[in-house]
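Note sheet for the following structure.
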Amino acid sequence: MMGNMQMMKQLQKMQAEMARVQEELGTRTVEAAAGGGVVVVTVSGHLEVKAVKIDPAAIDPDDHTMLEDLVTAAMNDGIKKAQTMTADAMAKITGGLKIPGLM
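Every letter in the sequence shown is one number past the one before it in my numbering, and letter 72, counting from 1, is 73.
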């Protein structure tokens, strides 16, 4: 009985810490670039795109598909980096335990 109470307290503490980290992740960002840095995106830990910067030299009216590809690549890389940042932050709390629905 006493062991169950202690375990419940530990789980509640972990849950509170996870909520705190989730909130903090909304303020943390990662950057990803494509095309040697001509396209740079900033993505939050909540997987929200916060900014997209495009070097004017990358804008070629005759080749818009290249720019579209660069934006897509930068955004996909930014999302992967943000997911890794989030997974790493949560792993510190859970000790690497995979909790369904956490991510």
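Backbone N, C-alpha and C define an ideal beta-carbon position, used for all residues, glycine too. Owing to the predicted nature of the structure, the values given are computational and were not obtained by experimental measurement.
Contact set for residue i: own chain, Cβ-Cβ below 6 Å, skip 5 residues either direction
i	result
residue 35	71, 74, 75
residue 33	42, 75, 78, 79, 82
Terminal residues of the beta strand (DSSP E) in which residue i lies
i	result
residue 32	30 to 35
residue 41	40 to 45
Nearest-angstrom Cα separation, counted from residue j out to residue i
i	j	result
residue 13	residue 19	10 Å
residue 104	residue 8	Note that residue 104 scores 49 on pLDDT, short of 50, meaning its location in the model is unreliable; the coordinates nonetheless yield the value given after this. Between residue 104 and residue 8, the C-alpha separation is close to 23 Å.
residue 49	residue 82	12 Å
residue 39	residue 5	56 Å
residue 53	residue 37	15 Å
residue 92	residue 56	36 Å
residue 1	residue 96	No information on residue 1 is available, as it lies outside the stretch 2 to 104 that the chain covers here.
residue 88	residue 11	20 Å
Option in the options with minimal Cα separation from residue i
i	options	result
residue 41	22, 17, 69, 24	69
residue 46	80, 95, 96, 54	80
7 Å CB neighbourhood of residue i in its chain, flanking five on each side removed
i	result
residue 58	39
residue 85	none
residue 90	22, 26
residue 51	30, 43, 44, 45
Sequence-distant residues of the same chain with beta carbon closer than 8 Å to residue i, five excluded per side
i	result
residue 24	none
residue 94	15, 18, 19, 22
Proximity test, residue i beta-carbon vs the ligand GDP heavy atom, cut-off 7 Å
i	result
residue 54	What this structure holds is no ligand at all, so the ligand GDP is not there to describe.
Extent of the continuous alpha helix (DSSP H) run through residue i
i	result
residue 58	Element bounds for residue 58: n/a, residue is neither H nor E.
Task: Meets three-Cβ-pair contact criterion under 8 Å: the segment 59 to 69 and the segment 24 to 33 - done: Too few Cβ pairs lie closer than 8 Å, so no.
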